[in-house]
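Take -1 as the starting number for the sequence shown in this note's numbering and just add one per residue. C-beta atoms are modelled at their ideal positions from N, C-alpha and C, and glycine is treated no differently. Scroll down for the structure; my scribbles are underneath it.
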Amino acid sequence: MRILVTGGGGQIGTELLHVLASQGHELSVYDIARRPSAAPGSAAWHRGDVSNRSEVFDVVQELKPEVIYHLAALLSATGETLPHRAYQVNMDGTHNVLEAARTFGVRQVMFASTIAVFGPHLPDPVPNEVSLRPTTMYGITKVAGEMLGEYYDNTWGVDFRGVRFPGLISAGEPGGGTTDYALFMYVHGLRHGAYECFVGPDSTVPMMYMPDALRALVELSAAPKEKLKRHVYNIAAFSPTADEFADAVRARVPNVQLTYNADPMRQSILDSWPARVDDAAARHDWGWKAQYTLDSMSDDLIAKIKAMDE
Ligand code: SER
C-alpha cells in the first residue's frame, strides 16, 4: 500500500515507519524536520509544514496515498508555551490533511489522539464516551481533530479512525510532552546515572510502551469497518505512579539517582488528566489488548537502550 505519514520524524512516526516498512508498504513522510538517522532509508522524505494548505495539497496530490497516518502535532507542554503555533499545527494541520484526503480520494486517515482530550473530575477509569472538557490548547485541538475527522467520515466518506494514546514510553527522543518524564527516568537514568523528574512522585496517568502503541494504530487501521462502532478509541496499558516507574528503574540500574522537582506548569497539565482510562470499547470492537506490563516493558526498554549505546 502507498502510505503517507505526517510527522514521520517524531517519536511515534520514526518507529511506525519501521513497522510499516517491514510489512512491505511504500512509504512517504511529510515532516517539518529533516530525516532523523533512526528513520528507515526506504521512506521518501518530503519537508513541509502541515499548517500550510497548499503544501499539504501538493504533496497529497503528487503521492496519491491510500492511507495517511496523521501524526504531526505540537504536544502538551510545547503547546502551552506556544499556544498559537499549537493551534496552527494541530487544528489547521488536521483540517488540511482531511481536506486533502477528501479532495484527492485518500481512502483512510489514521489520527493520533490522546488522553489529553480529557479534563478533570471524570469517572475513574474514564469511559470511551464522556464529556470532553480539556484545559490545555493541545487537548482542545485534539478534541476538535476527533470531531472534524468524524465529520469528514460521516459527510464525505473519508474513513477516519483514531486512538487516544496514553503517555508513550520509548528509547527514542520525545518532543515536548508532559508524560516524557517516564521515559527520561529510563534513558537518562541509564545514560547519566541520574534524573530529576519534573512532576511529583505520586503523579499518575495512563502510560504505554511504544510497541503496543504502534500495534494499536496498525490493527485499528486494518479492522473491518463494520465492526467499528465509533471513530476514536481509548487504549490502555498501565498507570504507575512516577515513583513506581522510579522503583522499576532502581531495580534494574544500580545506584541510579532519581529525584523530584515538580515544575508547576507541567504538574498542572498532568493533574488535569485522568489516572486510568477504560479501553473496553477497543477490546470489544477490534480485539485490542496491550501486551506489555510495567515489568516486561522495563526489561525490554533497558535492553534496547543498552543495545543502542553499544
Ligand atoms: N504524551 C502526550 C503529552 O504529554 C500526551 O498525549 O503531551
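With a threshold of 7 Å, the Cβ atom of Gly165 counts as near the ligand SER, since some heavy atom of the ligand is closer than that. Met108 and Leu212 have their alpha carbons spaced roughly 12 Å apart.
For Tyr136, the uninterrupted alpha helix (DSSP H) run begins and ends at Met135 to Trp154, by DSSP. A distance below 8 Å between beta-carbons, with the five flanking residues on each side excluded, links Leu146 to the following residues of its chain, in chain order: Thr92, His93 and Leu96. Between Gly170 and Glu60, the C-beta gap is not smaller than 8 Å, which leaves the two residues out of contact. Val87 and Ser266 have their alpha carbons spaced roughly 23 Å apart. Secondary structure note for Ser219: its alpha helix (DSSP H) is the uninterrupted segment Met208 to Ala220. Annotation for Phe182: Tyr193 place their beta carbon closer than 7 Å to its own, counting only its chain and skipping 5 residues before and after. Runs of the alpha helix (DSSP H) lying entirely within the region 149 to 209 and spanning at least 4 residues, in chain order: 178 to 190. Annotation for Gln9: the continuous alpha helix (DSSP H) segment containing it runs Gln9 to Ser20. Proximity to Met(-1) across Ala36, Gly5, Glu64 and Val54 peaks at Glu64, based on C-alpha coordinates. Nearest neighbour of Gly187 by Cα position, chosen from Ala249, Lys223, Pro204 and Pro222, turns out to be Ala249.
If the five residues before and after Val17 are omitted, its C-beta is found closer than 7 Å to the C-beta atoms of Leu212 and Val216, all from its own chain and listed in chain order. In this structure, Val48 sits away from Tyr67, with a CB-CB distance that is not shorter than 8 Å.
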